[in-house]
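Those letters in the sequence shown? Residues 0 to 159, by numbering that gives the first Met the number 0.
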Amino acid sequence: MKPHAIYPGTFDPVTNGHLDIIRRCAPLFNQVTVAVAVNPAKTPLFSIADRLEMLRDACADLPFVRVTSFEGLLVRFAESQGAQAIIRGLRAVSDFEYELQMALMNRRLSDRIETVFLMPSQEYTYLSSSIVKGVARAGGDVSELVPPGAQKALEALAHP
Numbered sequence: 000m001k002p003h004a005i006y007p008g009t010f011d012p013v014t015n016g017h018l019d020i021i022r023r024c025a026p027l028f029n030q031v032t033v034a035v036a037v038n039p040a041k042t043p044l045f046s047i048a049d050r051l052e053m054l055r056d057a058c059a060d061l062p063f064v065r066v067t068s069f070e071g072l073l074v075r076f077a078e079s080q081g082a083q084a085i086i087r088g089l090r091a092v093s094d095f096e097y098e099l100q101m102a103l104m105n106r107r108l109s110d111r112i113e114t115v116f117l118m119p120s121q122e123y124t125y126l127s128s129s130i131v132k133g134v135a136r137a138g139g140d141v142s143e144l145v146p147p148g149a150q151k152a153l154e155a156l157a158h159p
């Protein structure tokens, strides 16, 4: 049986790059829990409920995916879910240093959870939630950057 993985993030909003990573997990993992982080240090544009709804809508056709939220230490959450791996996307070399430090700290906290790095498809290497929010705020078209539910949510904020 293939292992269970956690794919954590703020997903503010979910992008097609996130979905690319989630879909690429299918042959590797039996189940992927997409976990929306509740992080008091960040001020998200969308509420937890909105981000969960966007993700559930975007992942509705992926039976191996479960969407939830979590607070606190990621490795403790992963252990509580019976996961064996944490998925992290690496878009560029600049992501690697931070992600390596986090992976090593997570390993120190729990040697039962491995971190697996996945690179997105080439067309998503530049894509981030921050970039999407900037384009949307400036009135740009984000239809090819995010799933339809996220596009609607961004448009609703831009044109209340």
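Built from N, CA and C at the ideal position, the CB exists for glycine as well.
None of the values given here were measured: they were computed from a predicted structure.
**OP:** Indicate whether N84 and P2 have their beta-carbon atoms separated by less than 8 Å.
**Re:** Taking the first residue of the sequence shown as position 1, residue 84 is located at position 85. Taking the first residue of the sequence shown as position 1, residue 2 is located at position 3. For clarity, residue 84 is Ala in the given sequence; the question names Asn instead. In contact: A84 and P2 (Cβ atoms closer than 8 Å).
**OP:** Give the range of the alpha helix (DSSP H) segment to which S128 is assigned.
**Re:** Numbered from its first residue, the sequence shown carries residue 128 at position 129. In this chain, the alpha helix (DSSP H) harbouring S128 covers S128 to R136.
**OP:** Just list the beta strand (DSSP E) runs in the segment 68 to 121, keeping only unbroken ones of 3 residues or longer that don't cross its boundaries, in chain order.
**Re:** Within the segment 68 to 121, the complete beta strand (DSSP E) runs of at least 3 residues fall at 84 to 88 and 113 to 117.
Original post:
Tell me which same chain residues have a C-beta within less than 8 Å of the C-beta of L18, skipping the five on either side of it?
Top reply: For the purposes of this step, residue 18 is taken as the residue at position 19 of the sequence shown. By the criterion of a C-beta distance shorter than 8 Å, L18 is surrounded in its chain by A57, C58 and P146, once the five residues flanking it on both sides are discounted.
Subject >> Where H158 falls: helix, strand or coil (DSSP) >> reply: Here residue 158 is taken as the residue at index 159 of the sequence shown, counted from 1. Taken through DSSP and simplified to helix, strand or coil, H158 comes out as coil.
**OP:** Taking L89 and S68 to be in contact with their CB atoms under 8 Å, please state how far apart those CB atoms are, rounded to whole angstroms.
**Re:** In the sequence shown, the residue the question calls residue 89 occupies position 90. In the sequence shown, the residue the question calls residue 68 occupies position 69. Not confirmed; about 23 Å, so no contact.
Subject >> Those residues which DSSP pairs with H3 across a bridge >> reply: Taking the first residue of the sequence shown as position 1, residue 3 is located at position 4. Answer is Q30.
**OP:** Use the C-beta contact count for V131: other C-beta atoms within 10 angstroms, 16 or more gives buried, fewer gives exposed.
**Re:** Start at 1 with the first residue of the sequence shown, and residue 131 comes out as number 132. Buried: at least 16 other Cβ atoms inside 10 Å.
Subject >> Buried versus exposed, by CB contacts within 10 Å (16 or more), T217 >> reply: Because residue 217 is not part of the residues shown, which for the chain are 0 to 159, the question remains open.
**OP:** Give every residue of the same chain whose Cβ lies closer than 8 Å to the Cβ of M53, excluding the five residues on either side of it in the sequence, and list them in chain order.
**Re:** In the sequence shown, the residue the question calls residue 53 occupies position 54. So the list reads F10, P12, V13, F45, P146, G148, A149 and A152, once near-sequence residues are dropped.
**OP:** Below 8 Å on the Cβ atoms is my guess for I112 versus A155; work out the distance and round it to an integer in Å.
**Re:** Here residue 112 corresponds to residue number 113 of the sequence shown, with the count starting at 1. Here residue 155 corresponds to residue number 156 of the sequence shown, with the count starting at 1. Incorrect: roughly 37 Å between the Cβ atoms, too far for contact.
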